[in-house]
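Protein chains in written order, with the working numbering: chain X, 1 to 342; chain R, 1 to 342. Beta carbons: idealized from backbone N, C-alpha and C, even for Gly. Values in this document were obtained by computation on a predicted structure and should not be read as measured data. Heads up: the structure comes next, in structure tokens.
Number of protein chains: 2
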Amino acid sequence: MSVVTLAVDAMGGDHGLSVTVPAVAKMLSRHAHLNIILVGQAEPLAEAVQKAGLSGHVRLEIQPATEVVAMDDPVAVALRQKKDSSMRVAINMVKEGRAQAAVSAGNTGALMAVSRFVLKTLPGVDRPAICTAIPTATGHCHMLDLGANVDSEPEHLMQFALMGQALVRAVDGVSQPSVALLNIGEEDIKGNEQIKEAAALLKAAPDMNYVGFVEGNGIFAGEADVVVCDGFVGNVSLKTMEGVAKMIGNMIREEIGHSWLRKLSGLLALPVLSGLKKRMDPDRYNGASLVGLRGIVVKSHGGTSEQGFLSALEVAEVEARRNVPALISDALAPAATAGQDH
Amino acid sequence: MSVVTLAVDAMGGDHGLSVTVPAVAKMLSRHAHLNIILVGQAEPLAEAVQKAGLSGHVRLEIQPATEVVAMDDPVAVALRQKKDSSMRVAINMVKEGRAQAAVSAGNTGALMAVSRFVLKTLPGVDRPAICTAIPTATGHCHMLDLGANVDSEPEHLMQFALMGQALVRAVDGVSQPSVALLNIGEEDIKGNEQIKEAAALLKAAPDMNYVGFVEGNGIFAGEADVVVCDGFVGNVSLKTMEGVAKMIGNMIREEIGHSWLRKLSGLLALPVLSGLKKRMDPDRYNGASLVGLRGIVVKSHGGTSEQGFLSALEVAEVEARRNVPALISDALAPAATAGQDH
Chain X
1 MSVVTLAVDA MGGDHGLSVT VPAVAKMLSR HAHLNIILVG QAEPLAEAVQ KAGLSGHVRL
61 EIQPATEVVA MDDPVAVALR QKKDSSMRVA INMVKEGRAQ AAVSAGNTGA LMAVSRFVLK
121 TLPGVDRPAI CTAIPTATGH CHMLDLGANV DSEPEHLMQF ALMGQALVRA VDGVSQPSVA
181 LLNIGEEDIK GNEQIKEAAA LLKAAPDMNY VGFVEGNGIF AGEADVVVCD GFVGNVSLKT
241 MEGVAKMIGN MIREEIGHSW LRKLSGLLAL PVLSGLKKRM DPDRYNGASL VGLRGIVVKS
301 HGGTSEQGFL SALEVAEVEA RRNVPALISD ALAPAATAGQ DH
Chain R
1 MSVVTLAVDA MGGDHGLSVT VPAVAKMLSR HAHLNIILVG QAEPLAEAVQ KAGLSGHVRL
61 EIQPATEVVA MDDPVAVALR QKKDSSMRVA INMVKEGRAQ AAVSAGNTGA LMAVSRFVLK
121 TLPGVDRPAI CTAIPTATGH CHMLDLGANV DSEPEHLMQF ALMGQALVRA VDGVSQPSVA
181 LLNIGEEDIK GNEQIKEAAA LLKAAPDMNY VGFVEGNGIF AGEADVVVCD GFVGNVSLKT
241 MEGVAKMIGN MIREEIGHSW LRKLSGLLAL PVLSGLKKRM DPDRYNGASL VGLRGIVVKS
301 HGGTSEQGFL SALEVAEVEA RRNVPALISD ALAPAATAGQ DH
């Protein structure tokens, strides 16, 4: 098995080093053919590495970076002022070929802007997109775009579909993933012009298992392996999911707290609730891919736990091992590829 | 207390008479100052009325209609071919002033099209919208538009805000409801042009408690009394909520079914789960308002239960009693109103 190297922004996210470094320790012990470059401010990083028992680990490299992109830094600050940020240096590692993927829990806007500036988009890709796995009744699907783009044209939705298809083929091993377009109720005015035109493009695409429209509730019914949408709609849908799941979780806790009888029954319900938690666990589904770039960048939720950051590292590892950007490039530039054959 | 009359499409929805008529029976027994006109096909309706013990009820009127709009009928069929449908006749009752509100569990597209055609929009309203209450951590909010419109212009979002504000003032008795615009992550490219322009309009509006952007997860945090969005985005968000809640419910049931120990603990967890169900109950939040029309039309979920249809009847009753269309008209045509004052 070949060795894969991940560059990790150790400083990003709400909890920074206290989450990223322990997760890296677990990741290294899980995977024998994996190197990790931890990027961050020298002193606190060295301290965290020592605390995690990683000092002198043969498959761990430390790359100093003097600056940190704050969670509320505007994109312009991250892009123009903090050129030695841990986020940017980690992405530089990918650009320079020293790592196959970068992982950061830093702010999404900055991460997308810096990734796009440093790595550039793949040929045939107008706009990179954000894609993540979403739990469904039957397993999971991949949904994109989740907020990198607003006002996507039909051609962009088509590109998202091709990128999502290539990603799912690579990471889930599904040869002909089903692809759906997110739309509103079928009995109603069936979507806007953008969606109708995108549907026509997807229908006409060769080598695409297009299954039609899916509604917001259909995402979770396992109706499609890839759900394609504009970033505005996708972001609202994703955040709606998070909001509902969190509210239900809080309500369960409140209901349990209501009385001693309920506390007792709540205690007895723990196996059920932990089974539920395992299946809906946001940690388990942490790790969104920035697709369409000349390199792999995985975005972890800013407020994630050690376990969640570990999931994001796993996403990056799989994508690096399967070389997802090359697969996306093949899917998006069939003309160029065909040209090479002749 | 004055008497309010509701016209009920007895045939609409997945379950038709078996749900609508028993719900009407309960509604009549709950409210002494309420008349109901049941609209439907004479024979089956008479049978259902008798079965529900409503024959000869002094506050119940039967209005025959020969046709039924099927759940999958295209809008054009409902509008042009089925002119004697129970849905249309119920809306005609409102138009003729014989009822103050119509309630139907029939298909949304048909209901909106027929309502708009028969009742017409209020002065100052370019596009009617669909609005419903959504459960939040602190109670509920009202969200609109939920699918009547796609590609809403900033001016339309402004009208939705005014209509939502008037509705919440009337039905919840909140004098200055907080109003938010649904948008994507603040750290990202902050929304599209449409949202930015709508924000400027809302900020500049007198007598509007505009609280800024809310994200998909913020809907449930109780951040705003009125959440305004384009119908495409709102419909995807609403259906996403339904999908997540349903998936979690199914997962709880599956987890309980996994083993005898879990079945036992699941049984003991019933008080907790029923408390949860009560708060998230889709029946309780059933009943979406078609706002912006010259009359009240309430849309019940097609697959709802008797209890759910009862909730939709309650929504219609409150709106009729408070005369919501007049309040919306005042809010949307301030110039006309101001003119009358001088």
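| Item | Value |
| --- | --- |
| Got a sec, what are the start and stop residues for the beta strand (DSSP E) SER305/X sits in? | Per DSSP, SER305/X belongs to no beta strand (DSSP E) and is neither H nor E. |
| Decide yes or no for the touch test of the stretch 118-135 of chain R against the stretch 201-208 of chain R: beta carbon pairs closer than 8 Å, at least 3 of them. | no |
| So GLY303/X packs on ASP14/X, CB below 8 Å; how close in whole Å? | 5 Å |
| So for VAL49/X, helix, strand or coil by DSSP? | helix |
| Would you list, in sequence order, the uninterrupted alpha helix (DSSP H) runs of no fewer than 4 residues that lie entirely inside the stretch 57-99 of chain X? | 86-95 |
| Counting only Cβ pairs nearer than 7 Å, list the residues of chain R close to LYS239/X. | GLU215, GLY216, ASN217 |
| Flag ALA316/R as yes when its Cβ comes closer than 7 Å to any non-hydrogen atom of the ligand PLP, and as no otherwise. | Ligands are entirely absent from the displayed structure, and the ligand PLP is therefore not among its contents. |
| Just by C-beta distance, which residues in the stretch 283-294 of chain R are closer than 8 Å to chain X? | none |
| From LYS246/R to LYS278/R, what distance separates their C-alpha atoms? | 14 Å |
| For VAL228/X, does the three-state DSSP call read helix, strand or coil? | strand |
| Does GLU187/R have its Cβ less than 8 Å from a Cβ in chain X? | At GLU187/R the pLDDT is 44, less than 50, meaning the model places this residue with poor confidence; the figure from the coordinates comes in the next sentence. Output row for GLU187/R: interface = yes. |
| Pull up the CB-CB distance for VAL68/X and MET11/X, whole angstroms please, since I reckon it's below 8 Å. | 4 Å |
| For a test of the three-state rule: what should DSSP assign to ASN107/X, helix, strand or coil? | coil |
| Can you check DSSP and say which residues form a bridge with THR136/R? | GLY139/R |
| ASN35/X to GLU193/R, Cα distance in whole Å? | 44 Å |
| For LEU6/R and LEU313/R, which I take to be in contact (beta-carbon distance under 8 Å), what is that distance rounded to the nearest angstrom? | 6 Å |
| Does any residue of chain X bring its CB to less than 8 Å from the CB of GLY16/R? | no |
| Hey, does ALA10/R have any beta-carbon neighbour from chain X nearer than 8 Å? | no |
| Alpha helix (DSSP H) containing ASP9/X: first to last residue? | It is not in any alpha helix (DSSP H) - ASP9/X instead sits in the beta strand (DSSP E) that spans 4-9. |
| Determine which residues share a DSSP beta bridge with ILE36/X and list them. | LEU6/X, LEU60/X |
| Run through the DSSP bridge pairs and tell me what ASN209/R is partnered with. | SER178/R |
| With VAL168/X as the anchor, note down where its beta strand (DSSP E) starts and where it stops. | Careful: VAL168/X lies outside any beta strand (DSSP E), inside the alpha helix (DSSP H) at 154-172. |
| From the DSSP secondary-structure annotation, give me the bridge partner or partners of ALA288/R. | LYS299/R |
| In the structure shown, what three-state DSSP assignment does LEU144/R receive? | strand |
| With a cut-off of 8 Å, do at least 3 Cβ pairs link the stretch 14-31 of chain R to the stretch 152-162 of chain X? | no |
| Looking at CYS229/X and LEU182/X, is the spacing between their C-beta atoms short of 8 Å? | yes |
| Taking just the CA atoms, how far does TYR285/X sit from ILE134/X? | 7 Å |
| Determine contact between the stretch 215-232 of chain X and the stretch 104-115 of chain R, defined as no fewer than three beta-carbon pairs at a distance below 8 Å. | no |
| What's the call for VAL4/X, buried or exposed, on a 16-neighbour Cβ count within 10 Å? | buried |
| What does a CB cutoff of less than 8 Å around GLU187/X pick up in its chain, not counting 5 residues either side in sequence? | In this prediction, GLU187/X scores a pLDDT of 44, lower than 50, which makes its location untrustworthy; the coordinate-derived value is nonetheless stated afterwards. Excluding residues within five positions, none has a Cβ falling inside 8 Å. |
| What does ALA245/X touch in chain R if you count any residue whose Cβ is under 8 Å from its own? | VAL244, ILE248 |
| Short of 6 Å in beta carbon distance, which residues of its chain neighbour ARG98/X, apart from the five on each side in sequence? Order them along the chain. | none |
| Look at ALA65/X and SER86/X and say whether their C-beta atoms are less than 8 Å apart. | yes |
| Determine the closest residue to ALA42/X out of SER2/X, ASP84/X, ALA23/X, ASP172/X, with distance taken between C-alpha atoms. | ASP84/X |
| Would you list the one or two residues that DSSP bridges to ILE130/X? | LEU290/X |
| Going by other Cβ atoms of all chains shown within 10 Å of its Cβ, with 16 needed for buried, is SER55/X buried or exposed? | exposed |
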